[in-house]
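Residue numbers (the numbering used here), protein chains in the order written: chain W, 1 to 245; chain D, 1001 to 1229. Structure, as structure tokens:
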């Protein structure tokens, strides 16, 4: 394990009933990496991502975060999750709160920021994604692309070490995908550690430092995007790429 | 017309008989208000225990107790519950009848409120809980800041309906000798041997109360809804 290691994952397994969704996954994720996870639907890629912040409890195996075993019973999961931002396919903004409140609730209640500090922080991010004029509107007034950009900056307001993206553009109209990917690219260029489950292969090629191909609960291949896309080793990855490219 | 005035005079003015209605109304409102408060408290607690069990598998023992409570209360008539509360549970003590009625109706209402609140919690998309938890909120704080405010808005009409039902249901208080509004009207009837005036008056008072309650709920609903657009 290098000093730069953020996640160290050992034989991670997850089963629902009798089905094994994650089958002994082992890998390391370093600070500053942008890992894109691809694979057919039902392959376990979302489950893998969600087990990193324990939205799915692993049935077996260990996940170390900065050397600490987060699957340990004595782990303070709430404290841990504050450091792990998550962006969902369906945005999951809080419909009963304004955009600003969506972003400042957790920093005020959990990080102990004052209302003024949290508002300044949130407005800074809103400016960065070009949505400052939406601060006092409600989520229902936004387009899908705007909602997802808000969801991203809401996660950023917790000052996370890493961001997990679970198919962030899959629920968007095609013309709105670009604006969300743009924000994500900007984050990647600024050194944010990101794990992204997506079907946007162009984005993976351009932004990822590593691409992981998961099928039937196993990491079948992981490599730099160029290597992985141009020179796929396993038959299944070849078949998968032939279908989607 | 003169008959009407004479009847009115006889039923309400003579011997200050209207005071039966005024005092009865006070008891009815008192019982309804405090029973509603108990119902809300009980209902929310039971609903939170039950939905926590449904979502996380925790609180198994409490969930069993809640299920027994719901089954018993919803499976027996409110009037039988009131009679048992008065003659059996508090049979040997000198507990104030108003308190007995408040407890009985509160416990009864709690069961219905619980199911309403639980349906409200279940109606909130699971992604809301996940979003709250992923930001680092505990289960309890996610419920408080994120799930409950949305659930409450969804269940408001059903909840208001429950309290309208409760208000009218307290009219069985007379069975334990409590002088509520209905009993007040009935006493006038027994004094004047006239049924029309006192009973219609009682009905109109209930109707007016329900209309006022409905009006305030509508205002509140509009206010809550406007915060979303």
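The beta-carbon is built from N, C-alpha and C at its ideal position, and this holds for glycine as well. Bear in mind that the values here come from a model prediction, so they are computed numbers and not experimental data.
Checklist entry - If we ignore side chains and look at the alpha-carbon of each, how far apart do residue 238(W) and residue 216(W) end up? => result Position 238 of the first chain, counted from the first residue, corresponds to residue 238(W). Position 216 of the first chain, counted from the first residue, corresponds to residue 216(W). Answer to the nearest angstrom: the Cα atoms are 15 Å apart.
Checklist entry - Cβ atoms of residue 149(W) and residue 131(W): under 8 Å apart, would you say? => result Position 131 of the first chain, counting from 1, holds the residue named residue 131(W). Position 149 of the first chain, counting from 1, holds the residue named residue 149(W). In contact: residue 131(W) and residue 149(W) (Cβ atoms closer than 8 Å).
Next on the checklist: My output table needs one value for residue 68(W): the three-state DSSP class, helix, strand or coil.
Outcome noted: In the first chain, counting from the first residue as 1, residue 68(W) sits at position 68. In this structure, DSSP gives residue 68(W) an extended state, which the three-state scheme calls strand.
Checklist entry - Which class does residue 212(W) belong to by DSSP, given the choice of helix, strand or coil? => result By one-based count along the first chain, residue 212(W) stands at place 212. Correct three-state label for residue 212(W): strand.
Checklist entry - Any idea which residues DSSP pairs residue 1023(D) with across the strands? => result For the purposes of this step, residue 1023(D) is taken as residue 23 along the second chain, with counting starting at 1. BP columns for residue 1023(D) are empty, so no partner.
Next on the checklist: I need the boundaries of the alpha helix (DSSP H) containing residue 219(W), first residue and last residue.
Outcome noted: The residue given as residue 219(W) occupies position 219 in the first chain. Residue 219(W) -> not in any alpha helix (DSSP H); beta strand (DSSP E) instead, spanning 218-223.
Item to check | Alpha-carbon spacing of residue 1161(D) relative to residue 200(W), whole angstroms | outcome: Here the question's residue 1161(D) lines up with position 161 in the second chain. Here the question's residue 200(W) lines up with position 200 in the first chain. Straight-line Cα distance between these residues: approximately 50 Å.
Next on the checklist: Tell me the DSSP secondary structure of residue 86(W) in three-state form.
Outcome noted: For the purposes of this step, residue 86(W) is identified with residue 86 of the first chain, where counting begins at 1. The three-state reading of DSSP puts residue 86(W) in strand, counting E and B together.
Next on the checklist: Is there a Cβ of chain D sitting closer than 8 Å to that of residue 78(W), yes or no?
Outcome noted: Taking the first chain and counting its residues from 1, the one referred to as residue 78(W) is at position 78. Closer than 8 Å: yes.
Checklist entry - If residue 158(W) and residue 111(W) are in contact, beta carbons under 8 Å, what's the gap, nearest whole angstrom? => result Counted from its first residue, the first chain places residue 158(W) at position 158. Counted from its first residue, the first chain places residue 111(W) at position 111. That pair is a contact at about 7 Å.
Item to check | Cα-Cα separation, residue 1101(D) to residue 60(W) | outcome: Working through the second chain from its first residue, we reach residue 1101(D) at position 101. Working through the first chain from its first residue, we reach residue 60(W) at position 60. Taking the straight line from one Cα to the other gives about 55 Å.
Item to check | Contained alpha helix (DSSP H) runs [length at least 4] in the segment 1125-1206 of chain D, N- to C-terminal order | outcome: 1126-1135, 1139-1142, 1148-1169 and 1181-1192, all fully within the segment 1125-1206 of chain D.
Checklist entry - Which chain D residues are close to residue 110(W), counting only those with a beta carbon under 9 Å from its beta carbon? => result Within the first chain, the letter at position 110 stands for residue 110(W). Within chain D, the residues near residue 110(W) are 1135, 1136, 1137 and 1141.
Checklist entry - To the nearest angstrom, how far is it from the Cα of residue 1007(D) to the Cα of residue 1023(D)? => result Residue numbering aside, residue 1007(D) sits at position 7 when the second chain is read from its first letter. Residue numbering aside, residue 1023(D) sits at position 23 when the second chain is read from its first letter. Between residue 1007(D) and residue 1023(D), the C-alpha separation is close to 21 Å.
Item to check | C-alpha distance - residue 1163(D) paired with residue 9(W), whole-angstrom precision | outcome: In the second chain, counting from the first residue as 1, residue 1163(D) sits at position 163. In the first chain, counting from the first residue as 1, residue 9(W) sits at position 9. Roughly 54 Å separates the two Cα atoms.
Next on the checklist: Taking contact to mean 3 or more Cβ pairs, one atom from each stretch, closer than 8 Å, check whether the segment 67-80 of chain W and the segment 1133-1143 of chain D are in contact.
Outcome noted: Touching, yes, given that three or more Cβ pairs across the two stretches are closer than 8 Å.
Checklist entry - Which residues share a DSSP beta bridge with residue 60(W)? => result Translated into positions along the first chain, residue 60(W) becomes position 60. According to DSSP, residue 60(W) bridges with 13(W).
Next on the checklist: At the 8 Å Cβ level, is residue 1131(D) part of the contact set with chain W, yes or no?
Outcome noted: By 1-based counting over the second chain, the position of residue 1131(D) is 131. Residue 1131(D) belongs to the set of residues whose beta carbon lies under 8 Å from a beta carbon in chain W.
Checklist entry - Quick one: is residue 1053(D) near chain C, going by C-beta distance under 8 Å? => result The structure shown contains no chain C; its protein chains are W and D.
Next on the checklist: At the level of alpha carbons, what is the spacing between residue 113(W) and residue 1097(D)?
Outcome noted: Taking the first chain and counting its residues from 1, the one referred to as residue 113(W) is at position 113. Taking the second chain and counting its residues from 1, the one referred to as residue 1097(D) is at position 97. The alpha-carbon atoms of residue 113(W) and residue 1097(D) are separated by roughly 52 Å.
Item to check | Rounded C-alpha distance that separates residue 49(W) from residue 1167(D) | outcome: For the purposes of this step, residue 49(W) is taken as the residue at position 49 of the first chain. For the purposes of this step, residue 1167(D) is taken as the residue at position 167 of the second chain. Their Cα atoms are separated by approximately 52 Å.
Checklist entry - Considering residue 197(W), what are the terminal residues of the beta strand (DSSP E) in which it resides? => result Start at 1 with the first residue of the first chain, and residue 197(W) comes out as number 197. From DSSP, the beta strand (DSSP E) with residue 197(W) extends over 193-197.
Next on the checklist: To be precise: take each residue of the segment 92-106 of chain W, compare its Cβ to all Cβ atoms of chain D, and keep it if any distance is under 7 Å. Which residues remain?
Outcome noted: 92, 94, 95, 96, 105 and 106
Next on the checklist: What residue range does the alpha helix (DSSP H) around residue 36(W) cover?
Outcome noted: The sequence position of residue 36(W) within the first chain is 36, counting from 1. Counting along the chain, residue 36(W) falls outside any alpha helix (DSSP H), though it belongs to the beta strand (DSSP E) covering 34-38.
Item to check | Burial state of residue 141(W), where buried means 16 or more other Cβ atoms lie within 10 Å | outcome: Taking the first residue of the first chain as position 1, residue 141(W) is located at position 141. Exposed, by the Cβ-count rule.
Checklist entry - For residue 102(W), is the classification buried or exposed, using 16 other Cβ atoms within 10 angstroms of its Cβ as the cut-off for buried? => result Counting from one through the first chain, the residue named residue 102(W) turns up at place 102. By the 10 Å Cβ count, residue 102(W) comes out buried.
Next on the checklist: For the pair the segment 13-29 of chain W and the segment 84-104 of chain W, tell me if three or more CB-CB distances fall below 8 Å.
Outcome noted: Segments in contact, no.
Checklist entry - For the segment 1082-1106 of chain D, which residues have a beta carbon sitting closer than 9 Å to at least one beta carbon of chain W? => result none
Next on the checklist: Going by DSSP in three states, residue 7(W) sits in which element: helix, strand or coil?
Outcome noted: The sequence position of residue 7(W) within the first chain is 7, counting from 1. Of the three classes helix, strand and coil, the one that applies to residue 7(W) here is strand, per DSSP.
Next on the checklist: Tell me which residues share the same chain as residue 1044(D) and place their Cβ nearer than 6 Å to its Cβ, disregarding the 5 neighbours each side in the sequence.
Outcome noted: Here residue 1044(D) refers to the residue found at position 44 of the second chain. Taken in chain order, the residues that qualify are 1117.
Item to check | For residue 1155(D) and residue 1119(D), believed in contact at Cβ under 8 Å, the rounded distance | outcome: For the purposes of this step, residue 1119(D) is taken as residue 119 along the second chain, with counting starting at 1. For the purposes of this step, residue 1155(D) is taken as residue 155 along the second chain, with counting starting at 1. Confirmed, about 7 Å.
Next on the checklist: To the nearest angstrom, how far is the alpha carbon of residue 70(W) from that of residue 219(W)?
Outcome noted: Along the first chain, read from residue 1 onward, the residue named residue 70(W) stands at position 70. Along the first chain, read from residue 1 onward, the residue named residue 219(W) stands at position 219. When rounded, the distance between both Cα atoms is 21 Å.
Checklist entry - For residue 143(W) versus residue 176(W), is the C-beta distance shorter than 8 Å? => result Taking the first residue of the first chain as 1, we reach residue 143(W) at position 143. Taking the first residue of the first chain as 1, we reach residue 176(W) at position 176. A Cβ-Cβ contact shorter than 8 Å links residue 143(W) with residue 176(W).
Next on the checklist: If we require 4 or more residues per run, which alpha helix (DSSP H) segments fall completely within the segment 105-134 of chain W?
Outcome noted: 115-128
Item to check | From 32(W), 128(W) and 15(W), residue whose alpha carbon lies closest to that of residue 5(W) | outcome: Taking the first chain and counting its residues from 1, the one referred to as residue 5(W) is at position 5. Comparing Cα-Cα distances from residue 5(W) to each of 32(W), 128(W) and 15(W), the minimum goes to 32(W).
Item to check | Sequence-distant residues of its chain with Cβ nearer than 6 Å to residue 1037(D) (five each side left out) | outcome: Sequence index remark: in the second chain, residue 1037(D) carries index 37 (1-based). Around residue 1037(D): no qualifying Cβ.
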